[in-house]
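K.L.:
One structure, pasted below without further comment.
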Amino acid sequence: MTTANMEVTGKCSLFCKLLFSAVCLLTTLHTAQTSHVVSFNQLDSDLVPSDLSETIRHTRRKRSDETNSEREDAQCDSQREKFQNAITGGKRLETTHIFKDESKFSLAMAWASANDDGVLIVLTSERNIGTSDSTLWRSTDAGRTWKNTNSKVDNAVFRKSDGLQRNPHASKWVYLISEEHFLYKSENGGDTWAKVVLPSLEIVGPDLIFHGDEKYKDHIMIITTNKKLLMTKNNFKTLDVVQERLVQNAHWGTDASGSATDMFMLYGQQKQDLFPFFMDSSVTVYELQRRSVDRLGWKTVKKNVVDFGIQGDFLYASVYKGDNPDINSERLLIVSNDNGEHWNEAQLPTITSDRFFSVLDMSEGLIFMHVDNPGDTGHGTLYTSASKGIFFSTSLQRHLYPNFNSITDFYKVTSMQGTYIASQLDKDNSIHSVITFDLGGEWHPLTKPEGTKCRDDAKECSLQIHNTYSLHRGVNAHPPMSADDAIGLIIVNAHAAANLQITDPDVFISSDGGYSWRKALDGPHSYIIADSGGLIVAMSLKTPTPTELKFSTDEGRCWHNYQFTNETIHHTGLLTEPGGKSMTVAVWGYNVDNKKWTVNVIDFTDVVGDRCSAEDYEEWIPHESMKKEDPKRQACLLGSKVKYQRLKHDSWCHNGYTYTPDKTKQICPCGYDDFECDYGYHRTKGQDKCVEDSNFRGPEIDVCFRGHEQKVISEGYRKLPGDVCNEQSGFSPTSKRINLTTVCTERIKVATLSPAELKREEEEKKGSSHTLILTLVAIALIVAAAGLAYFAYKMVLLRRHKVVYRYSMLNQNQDQDKDFDEEIERTLTGATSSHPHPMFGDLSDEEELPTAPQQNGRQNGHVQKGTPQVKGYHDDSDDDMLN
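In this note's numbering, each residue's number is its place in the sequence shown (first place is 1) plus 17.
See the structure below:
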């Protein structure tokens with residue numbers, strides 16, 4: 018990082034591998050169990066100048082700030098007249114509440130209501146040296162008024178981090194977590210509370226572990242700070258200790274993979290490196306154990322486990338090869354579909370100590386898996402699995418996943434089945450956005466919005482979307498947004514350019530699931546989807562203290578402005594009830610002058626009061642632009658064509674909280690795109706048929722499947738997971754597997770060496786092992802001092818950047834000496850003279866974005882949402898280096 022000495026780096030590479038390579042862990046990204054809980058933090062006062070907007074943003078704008086709502090349009094004029102009639106006579110839409118007696122800087126809020134009845138819980142907290150304080154507030158009218166309810170929880174103090182949690186399956190079940198040996202629970206939205214004392218004076222760890230199935234909403238686990246595992250199956254009426262020690266992680270089972278009443282835990286002693294500069298080659302491994310909630314005793318289902326995860330059909334684990342792994346040992350990803358009774362190796366590259374797995378999504382019957390490329394490149398290969406999660410095919414090369422942190426732009430579009438958006442790194446290190454409509458089968462650039470100009474029309478231009486990576490780099494933007502019931506609707510902050518830009522983006526909207534886009538608003542905005550897509554509310558990010566919001570009832574074609582305050586309120590969140598069904602929107606913030614929390618609540622039924630009728634809906638078919646050459650299969654995705662009834666653009670009405678999109682499904686005949694290429698086969702560019710990959714080693718593959726070696730004989734196709742197409746009336750490939758009934762180990766075996774060659778290879782390995790030992794001793798003596806200095810240098814950089822960095826062997830490029838530390842630094846700071854292409858582009862008519870004060874990874878808004886868009890599981894090596 019910065020300009021590290023290349024000579025020292027080269028000499029240190031082997032030493033660094035031995036010294037700094039840690040076990041690559043398969044850890045869960047912060048997904049949370051705190052579903053539907055949102056946290057805000059005020060900016061530290063000494064970081065915020067009085068003229069905050071001028072300091073954070075001083076971008077020169079040359080484009081028009083005119084929005085669609087200001088253009089001449091008959092439909093917009095008609096809507097504007099209806100809006101003006103709704104607020105005639107100076108009628109105010111907002112109800113403002115100021116927390117006058119509240120001075121704490123941190124605030125967490127949870128919706129504790131059913132059917133939009135407006136119950137909210139707020140926990141404010143503050144922690145200073147040696148002292149902690151918190152206050153519990155409750156509202157029963159969607160935030161218009163609030164009551165201090167501290168007395169209902171005995172004026173207890175609750176922790177700042179995850180102190181307020183909500184059951185994802187029961188909206189009125191809320192929990193308050195103490196820093197001591199108790200918690201409080203409510204089953205009626207905070208009206209009454211019951212104290213739960215943990216046995217043996219234990220303290221709750223980071224999160225309550227809720228069951229993934231709504232049928233078992235009262236099943237909850239706790240890992241205590243002393244690594245004990247506690248379990249309740251009746252929402253804390255009783256609480257049992259099910260493991261006394263050494264529990265590192267735990268998950269509930271699922272019916273899909275075996276039994277939903279099974280508990281899984283990662284058990285074992287975590288290795289403590291008090292003096293990491295001594296070359297310790299050992300690694301931390303655990304046992305994966307299982308038991309039923311109704312039976313005593315744990316059963317070990319796998320050893321040498323790094324970490325594990327479970328969702329839907331898949332129980333998977335990252336494990337080391339061999340019985341006595343060390344830092345040089347490779348890791349495998351193994352998958353079980355029967356609750357750990359049988360395991361199969363995922364057919365992916367084995368992972369060395371300088372690389373990682375990351376499971377990005379498992380929600381549609383297959384696994385999206387990122388595998389890091391060697392050499393700290395900041396990118397890797399995105400794979401998709403077959404239905405059992407064993408066989409994987411390449412989906413996207415050079416998928417952006419920077420090594421310096423667990424950051425990815427991978428985004429699942431919840432409003433459109435099979436659709437995902439990702440970022441891809443070009444060979445010149447610039448970034449561009451890509452989209453898939455068929456579960457990763459093909460990726461495409463996002464279509465340039467009609468009528469939008471590009472900086473250089475000579476270059477290929479498409480829509481470039483800002484997501485997590487951009488926010489981490491300080492770009493003023495909001496992540497993409499979609500909602501289950503807002504069919505086909507996607508909202509993004511983006512540019513029309515050849516690659517991702519660092520200057521202020523604009524707001525673009527798609528109404529057809531990402532096939533086409535239109536510009537909706539100038540400049541960066543935060544936004545929410547309400548009324549199942551019938552309402553969009555947006556707020557400008559060009560200033561941290563906006564006084565007006567914008568709303569649209571026709572998916573962003575016409576916009577209407579409403580000034581909700583005259584105060585200088587620092588905006589922290591634009592929120593509506595989870596699920597995007599409500600018509601009530603709350604604008605959260607704090608007064609810049611006195612730091613008092615303030616909420617402005619707007620009920621848009623005061624503007625759009627009529628409930629929609631059947632005449633307000635029209636038929637819409639997703640993916641209509643697909644397969645136009647085959648009328649029988651037009652708009653078919655995963656073997657079916659779906660027709661929806663959705664709101665007409667010119668309707669001035671609301672869907673209502675109980676609205677569910679009406680749909681009909683039709684099964685399609687099978688085609689080539691209902692199948693992916695089998696292992697060892699691929700599609701050449703522009704071709705539908707799968708052909709044998711000439712670069713694949715070995716004419717046959719012996720795959721270990723449930724303990725038996727099987728010879729795979731395939732015509733090159735396998736059906737996509739979840740595909741329901743009719744093979745009787747379409748394309749129908751065949752394949753078969755011959756069971757060789759030979760027990761095998763869990764690894765791919767490619768028999769390409771003769772017995773004599775195998776014997777010679779074994780002798781060479783023995784000889785090289787002795788040589789390696791002598792070499793390592795010599796190197797350790799020679800470079801010990803340099804290594805210690807290098808370690809200190811690395812730690813200083815880590816502290817400065819606050820990033821996760823994988824200490825590993827720095828592989829050198831075969832074509833030229835390449836300092837990979839400098840490469841990582843380049844991703845943080847931009848281009849250098851030796852590498853003129855930054856990861857972001859820059860438009861010539863705008864000034865570059867200055868670095869803004871940041872807190873908790875977000876600029877200006879400081880919103881921490883409890884649940885990310887995509888559940889993620891990440892296999893990383895050095896998270897503990899920053900602890």
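Ideal Cβ positions, reconstructed from N, Cα and C, are used throughout, including at glycine. Predicted model only: the values in this text are computed from it and were never measured.
For Asp740, is the classification buried or exposed, using 16 other Cβ atoms within 10 angstroms of its Cβ as the cut-off for buried?
P.N.:
A residue is called buried once 16 or more other Cβ atoms fall within 10 Å of its Cβ, and Asp740 is buried on that count.
K.L.:
Which whole-angstrom value describes the C-beta separation of Tyr661 and Ile553, a residue pair presumed to lie in contact below a C-beta threshold of 8 angstroms?
P.N.:
That pair is no contact at about 18 angstroms.
K.L.:
Given Met248, which residues of its chain have a CB within under 7 angstroms of its CB, disregarding the five upstream and five downstream residues?
P.N.:
Met238, Asp257, Val259, Met280, Val310
K.L.:
Which same chain residues, not among the five before or five after Gly275, have their C-beta less than 7 angstroms away from its C-beta?
P.N.:
Hits under 7 angstroms: Asp355, Asn356.
K.L.:
Check whether the Cβ atoms of Ile546 and Gly597 sit closer than 8 angstroms, and answer yes or no.
P.N.:
yes
K.L.:
If we ignore side chains and look at the alpha-carbon of each, how far apart do Arg723 and Asn361 end up?
P.N.:
For Arg723, the predicted structure reports a pLDDT of 43, less than 50, and the residue's modelled location is therefore unreliable. A value from the coordinates is still provided. Using only the alpha carbons, I get a separation of about 6 angstroms.
K.L.:
Could you tell me the boundaries of the alpha helix (DSSP H) in which Glu98 lies?
P.N.:
Its alpha helix (DSSP H) spans residues 91 to 103.
K.L.:
Could you have a look at Glu467 and say whether DSSP puts it in helix, strand or coil?
P.N.:
coil
K.L.:
Is the stretch 336 to 353 touching the stretch 365 to 374, taking contact as three or more C-beta pairs under 8 angstroms?
P.N.:
yes
K.L.:
I'd like the ranges of any beta strand (DSSP E) spanning at least 3 consecutive residues and lying wholly in the stretch 646 to 692.
P.N.:
657 to 664, 679 to 684
K.L.:
Are the beta-carbon atoms of Gly329 and Ala273 separated by less than 8 angstroms?
P.N.:
yes
K.L.:
When burial is assigned at 16 or more other CB atoms within 10 Å of the CB, is Tyr822 buried or exposed?
P.N.:
Any reading at Tyr822 needs caution, since the residue's pLDDT is 21, under 50, leaving its predicted position unreliable; the model's value is listed next. Buried: at least 16 other Cβ atoms inside 10 Å.
K.L.:
Name the two residues that bound the continuous beta strand (DSSP E) containing Tyr634.
P.N.:
Where Tyr634 is concerned, the enclosing beta strand (DSSP E) stretches over 634 to 637.
K.L.:
Residues bridged to Met7 by DSSP?
P.N.:
Because residue 7 is not part of the residues shown, which for the chain are 18 to 900, the question remains open.
K.L.:
If we call anything under 8 angstroms between Cβ atoms a contact, is Val616 one with Gly160?
P.N.:
yes
K.L.:
Less than 8 angstroms separating the beta-carbons of Lys189 and Ala131?
P.N.:
yes
K.L.:
Taking buried to mean at least 16 other C-beta atoms within 10 Å of its own C-beta, is Asn321 buried or exposed?
P.N.:
buried
K.L.:
Our contact map puts Asp623 next to Leu137 with C-beta atoms below 8 angstroms; I'd like the distance itself, whole angstroms only.
P.N.:
The Cβ separation is near 19 angstroms, so there is no contact.
K.L.:
Comparing alpha-carbon positions, which option in Thr148, Met126, Gly135, Asp134 lies nearest Thr141?
P.N.:
Met126
K.L.:
Should Val708 go down as buried or exposed, given a rule of 16 or more other Cβ atoms within 10 Å for buried?
P.N.:
exposed
K.L.:
If distances are taken between C-alpha atoms only, which option among Lys429, Lys536, His198 comes closest to Cys471?
P.N.:
Lys536
K.L.:
For the alpha helix (DSSP H) containing Ser487, list its first residue and its last residue.
P.N.:
First-last of the alpha helix (DSSP H) with Ser487: 485 to 489.
K.L.:
Where does the unbroken beta strand (DSSP E) through Val264 begin, and where does it stop?
P.N.:
264 to 269
K.L.:
Can you tell me whether DSSP reads Lys1 as helix, strand or coil?
P.N.:
Because the chain is modelled from 18 through 900, residue 1 falls outside the range shown and cannot be assessed.
K.L.:
Under a Cβ-count criterion, where at least 16 other Cβ atoms within 10 Å of its own Cβ denotes burial, should Pro738 be classed as buried or exposed?
P.N.:
buried
K.L.:
Would you mind working out which of Gly314, Phe374, Asn243, Val302 sits nearest Gly339, comparing C-alpha positions?
P.N.:
Val302
K.L.:
Using DSSP with H/G/I as helix, E/B as strand and the rest coil, what is Pro738?
P.N.:
coil
K.L.:
Would the beta-carbon of Ser412 fall within 8 angstroms of that of Leu383?
P.N.:
no
K.L.:
Express the C-alpha separation of Leu332 and Val40 in angstroms, rounding to a whole number.
P.N.:
Model confidence at Val40 stands at a pLDDT of 28, short of 50, so the residue's coordinates are unreliable; what they give is reported in the following sentence. About 21 angstroms.
K.L.:
Would you please state the rounded distance, in angstroms, between the beta carbons of Phe525 and Pro466? I believe it to be under 8 angstroms.
P.N.:
Sure, about 6 angstroms apart at Cβ, within 8 angstroms.
K.L.:
DSSP three-state label for Asn321, please.
P.N.:
Note: Asn321 maps to strand in three-state DSSP.
K.L.:
What's the C-alpha gap between Pro541 and Ala494?
P.N.:
5 angstroms
K.L.:
DSSP state of Thr622, grouped into three classes?
P.N.:
helix
K.L.:
Can you tell which of Asp548, Asp529, Val492, Ala500 has the C-alpha that lies nearest to the C-alpha of Pro522?
P.N.:
Closest by alpha carbon: Val492.
K.L.:
Would you tell me roughly how many angstroms separate the C-alpha atoms of Thr681 and Ser657, rounded to the nearest one?
P.N.:
10 angstroms
K.L.:
Just verifying my parser: in three-state terms, what is the DSSP assignment at Lys169?
P.N.:
In the structure shown, the three-state DSSP call for Lys169 is helix.
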